[in-house]
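Under our numbering, think of the first position of the sequence shown as 1, with each following residue one higher.
Below: one structure, written as structure tokens.
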Amino acid sequence: SGFEFVLSFFRLFLPDYMIDTIASFSFLTHFNSLINGLLEWRDVLFFASIIILFNFMTMLIVSFKTAGSSFWLKSTNKWVYACAIFLMLIGFMGFNLLANNLTRGTQFDFTQEKTWTLNKDSVHVLENLPENVTAKLYFSNILSKRNPDLRQMFDRVKMLLENYKTASNGKFNYRIYHPQNLDDSEDKAISDGLQAIPLIDINQNALFGLSITDSLDNKEVIPYLSPERLSFLEQDLTSLIYRLSHKKKTVGVISSLPILGGASENDSIMLQPFEISKKIGELYHLKLIQKPEDFDERPDLLLIIHPKSLSDEMVQKIRQYSQDFGKILLLLDGAAEAQRLYMNTANPYGASELGGLDNFWGFKFYSDYVVADLKNSITVDATSNYKTNPAYTQDVIQFKLSENNFNPFSSITKNLKSLMMTSASVIMPLENAEINFMPLLMASDDSALMPISVVYNGLNPRQILSFYQKDENVKFLAAYIHGRNPKNQFDLIVAGDTDFIYDSFWGSKQNFLEESYFVPLFNNADFILNALDFLANDKTLLDLRGKGAKNRPFNSLENLRKQSIFEYKVKEEEIFQRIEETKLKLQEVWNKRDFEERETFTPDELSLISNIKKELNTLRLNLSDVRSLSTSKIEKIALKTKLVNIFAVPLILSLCLIIIILLRRPRVQKTKSEKHLNKELGKIAALCLLLLVCGLLTSFMNNLSEIEQYEGKPIFPKLANEINQIKEIKISTHDKALTFVLKDGLWGLKERPEIPVYQERIRSFLSALIEGTLYEKKSDRAENLSAFGLTPTEIEGSVATRIELFADNGALIEGMDVGKYDIELGRGGSAAYIKFDGKFQVWKAEIELVDLSLDPDLWTYSHLWDLRFGRLFKINGQEDEALIAEYMKHFLNSTFKSTAQNLHQKKKIAGFMLDVENGVTAKIDIYQEDQKYFAKYKFEGENVNKHIELFDKSAQMYYFEIDAEDWEKIKNVNNLAKGKNRTL
Numbered sequence: 001s002g003f004e005f006v007l008s009f010f011r012l013f014l015p016d017y018m019i020d021t022i023a024s025f026s027f028l029t030h031f032n033s034l035i036n037g038l039l040e041w042r043d044v045l046f047f048a049s050i051i052i053l054f055n056f057m058t059m060l061i062v063s064f065k066t067a068g069s070s071f072w073l074k075s076t077n078k079w080v081y082a083c084a085i086f087l088m089l090i091g092f093m094g095f096n097l098l099a100n101n102l103t104r105g106t107q108f109d110f111t112q113e114k115t116w117t118l119n120k121d122s123v124h125v126l127e128n129l130p131e132n133v134t135a136k137l138y139f140s141n142i143l144s145k146r147n148p149d150l151r152q153m154f155d156r157v158k159m160l161l162e163n164y165k166t167a168s169n170g171k172f173n174y175r176i177y178h179p180q181n182l183d184d185s186e187d188k189a190i191s192d193g194l195q196a197i198p199l200i201d202i203n204q205n206a207l208f209g210l211s212i213t214d215s216l217d218n219k220e221v222i223p224y225l226s227p228e229r230l231s232f233l234e235q236d237l238t239s240l241i242y243r244l245s246h247k248k249k250t251v252g253v254i255s256s257l258p259i260l261g262g263a264s265e266n267d268s269i270m271l272q273p274f275e276i277s278k279k280i281g282e283l284y285h286l287k288l289i290q291k292p293e294d295f296d297e298r299p300d301l302l303l304i305i306h307p308k309s310l311s312d313e314m315v316q317k318i319r320q321y322s323q324d325f326g327k328i329l330l331l332l333d334g335a336a337e338a339q340r341l342y343m344n345t346a347n348p349y350g351a352s353e354l355g356g357l358d359n360f361w362g363f364k365f366y367s368d369y370v371v372a373d374l375k376n377s378i379t380v381d382a383t384s385n386y387k388t389n390p391a392y393t394q395d396v397i398q399f400k401l402s403e404n405n406f407n408p409f410s411s412i413t414k415n416l417k418s419l420m421m422t423s424a425s426v427i428m429p430l431e432n433a434e435i436n437f438m439p440l441l442m443a444s445d446d447s448a449l450m451p452i453s454v455v456y457n458g459l460n461p462r463q464i465l466s467f468y469q470k471d472e473n474v475k476f477l478a479a480y481i482h483g484r485n486p487k488n489q490f491d492l493i494v495a496g497d498t499d500f501i502y503d504s505f506w507g508s509k510q511n512f513l514e515e516s517y518f519v520p521l522f523n524n525a526d527f528i529l530n531a532l533d534f535l536a537n538d539k540t541l542l543d544l545r546g547k548g549a550k551n552r553p554f555n556s557l558e559n560l561r562k563q564s565i566f567e568y569k570v571k572e573e574e575i576f577q578r579i580e581e582t583k584l585k586l587q588e589v590w591n592k593r594d595f596e597e598r599e600t601f602t603p604d605e606l607s608l609i610s611n612i613k614k615e616l617n618t619l620r621l622n623l624s625d626v627r628s629l630s631t632s633k634i635e636k637i638a639l640k641t642k643l644v645n646i647f648a649v650p651l652i653l654s655l656c657l658i659i660i661i662l663l664r665r666p667r668v669q670k671t672k673s674e675k676h677l678n679k680e681l682g683k684i685a686a687l688c689l690l691l692l693v694c695g696l697l698t699s700f701m702n703n704l705s706e707i708e709q710y711e712g713k714p715i716f717p718k719l720a721n722e723i724n725q726i727k728e729i730k731i732s733t734h735d736k737a738l739t740f741v742l743k744d745g746l747w748g749l750k751e752r753p754e755i756p757v758y759q760e761r762i763r764s765f766l767s768a769l770i771e772g773t774l775y776e777k778k779s780d781r782a783e784n785l786s787a788f789g790l791t792p793t794e795i796e797g798s799v800a801t802r803i804e805l806f807a808d809n810g811a812l813i814e815g816m817d818v819g820k821y822d823i824e825l826g827r828g829g830s831a832a833y834i835k836f837d838g839k840f841q842v843w844k845a846e847i848e849l850v851d852l853s854l855d856p857d858l859w860t861y862s863h864l865w866d867l868r869f870g871r872l873f874k875i876n877g878q879e880d881e882a883l884i885a886e887y888m889k890h891f892l893n894s895t896f897k898s899t900a901q902n903l904h905q906k907k908k909i910a911g912f913m914l915d916v917e918n919g920v921t922a923k924i925d926i927y928q929e930d931q932k933y934f935a936k937y938k939f940e941g942e943n944v945n946k947h948i949e950l951f952d953k954s955a956q957m958y959y960f961e962i963d964a965e966d967w968e969k970i971k972n973v974n975n976l977a978k979g980k981n982r983t984l
């Protein structure tokens with residue numbers, strides 16, 4: 001039951017929790033948990049129960065074979081034993097259902113990094129959520145068949161979400177969706193911002209992503225959950241949740257590197273922002289400071305990167321910022337290699353220029369030297385000719401710092417695993433400076449200082465390695481400095497490298513369809529973010545960053561390998577030099593013969609040539625021996641390790657197994673009388689069935705989702721049955737109201753009873769109320785109502801709309817307040833924020849309200865002509881399309897001001913004969929009385945549509961007043977039409 005091809009069948013028709021239940025009966029499921037370093041109580045109980053099950057089944061079989069004489073269940077009837085075995089299996093299932101649901105989450109995490117245990121920062125974020133948070137995980141099951149890694153990723157995300165829910169004290173909830181092609185779940189996923197994965201062979205999309213929203217409808221999205229980011233999953237999710245309510249501080253940026261993007265040096269291309277700036281921008285507002293005046297709006301923190309050519313005014317502003325309890329992150333470099341990627345390659349290297357700020361802050365930056373670190377160096381390809389001499393060497397200028405090089409007592413660095421630096425320089429405190437100096441990063445004990453010229457002159461790693469000489473000096477690469485002077489109490493974090501923030505130095509960018517994501521390889525970005533958070537006194541995520549899969553190198557072997565390579569390269573250089581010198585001797589012999597114009601060598605020359613060739617062969621053999629010796633120690637250790645793993649461990653396990661077998665003794669069961677048969681079988685049946693019922697009950701109760709209880713449920717569950725009882729609809733705002741009353745089967749407007757109402761609009765409105773469903777649960781606090789447009793309508797300035805449905809006796813059937821109602825849900829769906837009477841709980845509801853304007857003209861036939869009456873073909877015999885369009889423009893925009901049943905001094909001033917589609921004729925006569933203008937309608941024809949039929953009932957009884965300005969516009973068009981007739 002633990003194999004994917006078995007589970008994939010059940011996934012077709014069972015929910016996720018049932019799939020987990022089926023998988024929990026598999027030995028494979030629990031064994032996989034153990035090999036991943038996670039032991040849950042359910043695993044212990046499963047293995048215990050399966051041992052007990054097999055022992056009991058063995059005893060039942062023995063009892064049957066011995067005619068019931070060796071076990072307390074005595075019978076010679078095979079069906080009794082068959083029932084007992086069946087009941088034992090039922091009891092086994094029930095027991096493990098209980099264990100799976102009651103002990104899930106009680107676990108022992110044996111991984112060194114506590115991969116399966118929530119980081120304390122995650123727990124802190126979840127326990128202190130200001131608003132309820134809901135996560136929606138979308139996963140198309142078809143992806144399991146296409147890529148098993150995605151199924152593993154999905155299971156890990158699901159487990160993590162469950163742990164979040166447990167740790168949040170009810171503040172965090174989640175739901176899992178399995179979208180099918182073109183279903184509602186797919187619409188929701190796309191509306192949430194997920195990236196669709198096209199499956200070209202079956203012409204449909206798949207989805208795997210996550211959206212997180214809080215009760216104020218703030219949203220964060222992971223469009224695609226990439227397996228490459230599995231190690232950073234907890235960090236990503238916790239950061240997303242944190243950002244929902246995090247108020248960003250401002251970071252001022254002074255940089256000679258294009259960290260925020262922009263034009264290149266010669267404006268030939270537009271540069272993309274550094275990935276590190278995007279990471280910072282997720283938590284802080286970045287403000288570029290280019291001139292002293294930009295300090296007028298004081299940033300919360302200051303980020304200075306490779307400063308160059310700072311003006312005196314800018315230096316003074318930085319000093320003033322520092323003296324005012326400044327928080328500064330300073331990145332310096334003696335040779336910024338990344339800078340040359342954006343500038344003319346002929347541009348020389350240049351060190352950072354501080355304009356005396358280093359003395360002001362009490363430290364010295366040794367820009368004339370770079371750190372070479374053999375112990376942390378990386379292996380690079382230094383081959384010049386692959387055919388003759390492939391060469392890989394250690395780059396001591398570019399090195400990877402490990403945990404031993406981080407300050408374990410600083411919250412900035414104590415959880416980091418690795419950090420890549422190149423051509424870094426040393427930071428040291430000045431003597432007698434009024435500062436507290438705390439190192440953060442330092443080189444290893446096998447390192448040296450080399451002149452910066454090795455970088456400026458472009459020496460390759462092999463050449464640099466030949467000059468390497470270890471020294472015993474301590475080398476600080478980054479430090480935290482606090483000013484003790486009362487007049488300059490600054491907080492400064494300074495690092496002696498800037499290249500380490502460039503994208504390619506710490507990660508790789510992966511493109512997936514329209515989305516791109518960055519996969520960190522080192523903790524460079526975590527160091528920068530931790531430094532900024534530390535300066536901002538925000539410790540929420542400091543312990544979380546750096547958590548992930550840890551690379552466990554064999555440190556002793558790795559150091560041995562590097563030292564062997566170093567010794568080999570030194571000897572190799574010596575041998576190569578002697579080989580070249582020997583070749584020169586040989587060349588001299590040849591040159592002498594050619595100079596003397598001889599065709600043969602003398603005996604002495606032949607002897608010399610023979611000796612030289614022997615020397616060359618000897619040197620080549622020496623080179624081969626040196627290469628062999630450089631790896632011999634490592635190969636011996638590898639051989640010993642293989643011998644232990646292949647032979648010693650299995651031998652020890654085999655001996656233990658033999659001892660256990662020898663110590664076992666057969667057990668003899670006492671015989672019981674036949675009269676206890678039915679009683680004992682009944683006890684087994686009762687116990688096993690009780691376990692099964694309890695297991696099924698806990699499985700159902702534990703997996704009841706609050707989201708499932710409301711999502712997709714009708715806004716008004718009883719409204720469909722009560723629809724015929726509705727006799728009055730009232731829609732109101734703070735200062736307006738419309739009341740629709742049902743009379744004789746037709747809806748009328750109480751405020752203007754003489755003008756017919758659009759019956760279809762009322763019916764569509766009621767249908768929307770019936771079909772509307774709850775989508776998301778939002779805030780339940782009164783102070784947040786205004787954020788959703790749901791301030792009570794009694795309050796001045798409220799934009800909420802009140803909807804009430806009444807029965808014939810005036811009793812309220814249903815009522816609710818509607819806030820913002822034009823929220824798009826994707827693929828044509830829309831939503832609104834609603835609130836029910838007597839509650840502060842806000843809901844996001846999927847409902848098509850279209851327009852809740854309280855303008856009566858939008859609900860009634862209140863214009864001189866309505867498009868619902870039909871399309872016009874002629875007006876007063878005119879068929880000119882341009883003229884008809886001009887008439888229609890004014891007819892449609894001329895609204896009724898009032899009505900009158902009788903006109904005592906009316907005067908007809910115009911008449912319009914309109915030929916409408918389906919053979920219908922409409923006659924509109926215009927009358928004038930006391931400077932007012934009225935329209936009178938008469939419709940003729942057999943195929944009158946329902947809109948005309950409805951309007952005609954009022955048209956026969958009333959004159960409809962139109963505005964004088966509207967009439968003037970129509971009259972002008974009418975005069976134009978008469979002019980055309982005379983011309984014709």
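Even for Gly, the Cβ is constructed at its ideal location relative to N, Cα and C.
Measure the C-alpha to C-alpha separation of residue i and residue j and round it to an integer number of angstroms.
i	j	result
A525	N617	52 Å
V818	A800	6 Å
Y927	F891	16 Å
L867	F912	17 Å
G105	E40	7 Å
H178	F139	5 Å
A48	P130	43 Å
F409	I464	34 Å
I22	C694	16 Å
L194	A135	13 Å
S444	S168	42 Å
D497	S425	7 Å
Can you have a look at residue i and say buried or exposed, based on whether 16 or more other CB atoms are within 10 angstroms of its CB?
i	result
F476	buried
E220	buried
Q235	buried
K120	exposed
T115	buried
L401	buried
V6	exposed
R151	buried
Residue range of the beta strand (DSSP E) that residue i falls in?
i	result
T379	S377 to D381
W747	L746 to L749
Taking residue i as part of the alpha helix (DSSP H), name the residues at either end of that continuous run.
i	result
W79	K78 to L102
D503	D503 to W506
Y17	D16 to A23
Hey, residue i and residue j are a contact pair by Cβ (cut 8 Å); roughly how many whole angstroms apart?
i	j	result
L233	V157	7 Å
I276	V251	In fact, because the Cβ distance is near 12 Å, the residues do not count as touching under 8 Å.
A335	V370	7 Å
T413	L441	7 Å
Under 8 Å, Cβ to Cβ, is there at least one residue of chain D near residue i?
i	result
E708	The structure shown contains no chain D; it is built from a single protein chain.
Would you list the one or two residues that DSSP bridges to residue i?
i	result
L738	I731
D192	Its beta-bridge partners do not exist; DSSP assigns none.
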